[in-house]
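In this note's numbering, the protein residues as written are 68 to 287. Cβ coordinates follow ideal geometry from the N, Cα and C atoms, glycine included.
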Amino acid sequence: MIRVVLADNQLLVRAGFRALLAAQPDIEVVAEAADGEHTVRQVRELRPDVVLMDIRMPVLDGLAATRRITEDPALGDVRVVMLTTFELDEYVFEAIRCGASGFLVKDTEPDELLRAVRAVVEGDALLSPGVTRRLIAEFAARSKEPAAVGLTELTDREREVMALVGIGLSNEEIARRLVVSPLTAKTHVSRAMVKLGARDRAQLVVLAYESGLVRPGWLG
Numbered sequence: 068m069i070r071v072v073l074a075d076n077q078l079l080v081r082a083g084f085r086a087l088l089a090a091q092p093d094i095e096v097v098a099e100a101a102d103g104e105h106t107v108r109q110v111r112e113l114r115p116d117v118v119l120m121d122i123r124m125p126v127l128d129g130l131a132a133t134r135r136i137t138e139d140p141a142l143g144d145v146r147v148v149m150l151t152t153f154e155l156d157e158y159v160f161e162a163i164r165c166g167a168s169g170f171l172v173k174d175t176e177p178d179e180l181l182r183a184v185r186a187v188v189e190g191d192a193l194l195s196p197g198v199t200r201r202l203i204a205e206f207a208a209r210s211k212e213p214a215a216v217g218l219t220e221l222t223d224r225e226r227e228v229m230a231l232v233g234i235g236l237s238n239e240e241i242a243r244r245l246v247v248s249p250l251t252a253k254t255h256v257s258r259a260m261v262k263l264g265a266r267d268r269a270q271l272v273v274l275a276y277e278s279g280l281v282r283p284g285w286l287g
């Protein structure tokens, strides 16, 4: 059973999401919260699998709440999906850097919301290639040189796979590109995440461009 906490200051938004999620046999909404402080308390108490987190909330905003959750070693298995009003939300970049596993617009299709909740539990990131390219461009605009992210522990193949993750390719697309099985591609991704201490695929994307492994305009 996938346990979910809903965090949004709009009651109608929470009610709509709850009705959709609660109707699924494999998903349970264990709590709701209307501000960031309450969200963090609920997460620490209930240890859900997924938090659907609005970026703009009172008392403590969604970014700060996400950072508190992802920086807490006791909550290492909790995945945060940010909820935004617009796909181009100015805070999306910071949300991923804070440790969010991805983001969804609030008017997303019901099937996409359900797919997203299930996907992040499996360690996948909700980052389309288009979004990934915008994140890379944003990073390039803010940083003049790559950060010190050590890739020396990675094999050549793992670095190659990490770069492909960085441009937004799925395991299946990586497998086709490298002529290997999807399971092999997934294994390389997982090993790179473990070696770099990445929480999930979204953080691996961030590390890929922070290290300079992926640069704006690079398509592999």
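Going by C-alpha positions, T133 is about 37 Å away from V246. For the pair of segments examined, the segment 136 to 149 was found not to touch the segment 75 to 94: the number of CB pairs separated by less than 8 Å stays below three. If you look at D121, you'll find it in the beta strand (DSSP E) that goes V117 to D121. Taking a contact as a CB-CB distance under 8 Å, the pair R244 and L236 counts as one, their CB atoms being some 7 Å apart. About 21 Å separates the CB atoms of R123 and V187; that is not less than 8 Å, and the two are not in contact. Here DSSP, grouped into helix, strand and coil, assigns E179 to helix. Beta-bridge pairing by DSSP links M149 to M120 and F170. The alpha-carbon separation between E161 and A90 amounts to approximately 32 Å. With fewer than 16 other Cβ atoms from the protein chains shown falling within 10 Å of its own Cβ, A82 counts as exposed.
Rounded to whole angstroms, the Cβ separation of V126 and E104 is 5 Å, and the two are in contact under 8 Å. Within the same chain, and ignoring the five residues on either side of V107 in sequence, the residues whose Cβ sits closer than 8 Å to its Cβ are L127, A132, R135 and I136.
In the displayed model, A100 falls within a strand according to three-state DSSP. Beta-carbon to beta-carbon, L221 and K262 are separated by about 6 Å, close enough to satisfy the 8 Å threshold. Setting aside the 5 residues that flank it on each side, S168 is surrounded in the same chain by R146, V147, V148, V187, A192, L193, D267 and A269, each with a C-beta closer than 7 Å to its C-beta; the list follows chain order. Boundaries of the beta strand (DSSP E) harbouring I69: I69 to A74, taken from the DSSP string.
Residue range D223 to G233 is occupied by the alpha helix (DSSP H) that includes G233. Out of M229, E112, T152 and F170, the CA that lies nearest to the CA of A252 is found in M229. Residue environment for T151: buried (at least 16 other C-beta atoms within 10 angstroms of its C-beta).
Distance between D121 and V110, taken at the CA atoms: about 14 Å.
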